[in-house]
Amino acid sequence: MRTQDKTLVASIVAAVILTATASAQQAPSPPPITPYGAPLGLEAAKKVMAAAEAEAVKNNWAMAIVILDSTGHMVMLHKLDNTQYGSLMAAEDKAHSAINYRRPSKVFEDLVAQGGMGLRSLALRGASPLEGGIPINVDGKIVGAIGVSGGTSVQDGQVAKAGADAAK
């Protein structure tokens, strides 16, 4: 056999082995799904809202804050003074994204930022690709969600986290 033929055969064998190895590997298992719990009540929502509002006021940020229960219905909405009107809708969208998809809206923001296949997340109905929506978890179950808008994505996320953490 000529050297070129040996090289070609070796390349084909290597390609077959690599293909077989790659197809034998399984995709990683998805993260466990957090179940929905009983809907967040008004008193618990007030606690979440107070913590989120305190974080926004402490930083002098004009924010809209929306709290939904586990069924996706609004429990509370606050618009701090001087908050732009569009933030009301954006905060609600972020909260709906978090409750409907059981994950922070930042997940979608990160997917879009990656480009490529991550842009497919834009086709998900109701998935807001902006940080600031976080599921509210109590005892391992999603009881609601908080959505915040009015600042930068990072600021919105910070205020939402302060609120969600208050429910624990």
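Residue numbers for the sequence shown follow the numbering used here, beginning at 179 and rising by one. All C-beta atoms, glycine included, are put in the ideal place defined by N, C-alpha and C. Quantities reported herein were computed from a predicted structural model and do not represent experimental measurements.
Review point. Which residues in the same chain have their Cβ closer than 6 Å to the Cβ of A317, if we skip the five residues on either side of it in sequence?
Key: First, the residue type needs correcting, since residue 317 is Asp and not Ala in the sequence shown. Excluding sequence neighbours, D317 sits near nothing in its chain.
Check your understanding: Nearest-angstrom Cα distance between G325 and V226?
Key -> 11 Å
Check your understanding: Mapping DSSP to helix, strand and coil, what is M295?
Key -> M295 carries a helical assignment under DSSP once its states are collapsed to helix, strand and coil.
Check your understanding: Which ranges does the alpha helix (DSSP H) cover as unbroken runs of at least 4 residues, wholly within the stretch 266-327, from first to last along the chain?
Key -> 284-292
**Study point:** Classification of S201 by the beta-carbon crowding that lies within 10 angstroms, buried from 16 upward
**Key:** Confidence at S201 is low in this model, with a pLDDT of 45, below 50, so its placement is unreliable and no value can be given for it.
Review point. Buried or exposed: which applies to M241, given that a residue is buried once 16 or more other Cβ atoms fall within 10 Å of its Cβ?
Key: buried
Exercise for review: Rounded to whole angstroms, what's the CA-CA distance from E287 to Y279? Just pull it up for me.
Suggested key: 13 Å
Practice item. Alpha carbon to alpha carbon, how far is G250 from K272? Give it in angstroms, no decimals. Key: 11 Å
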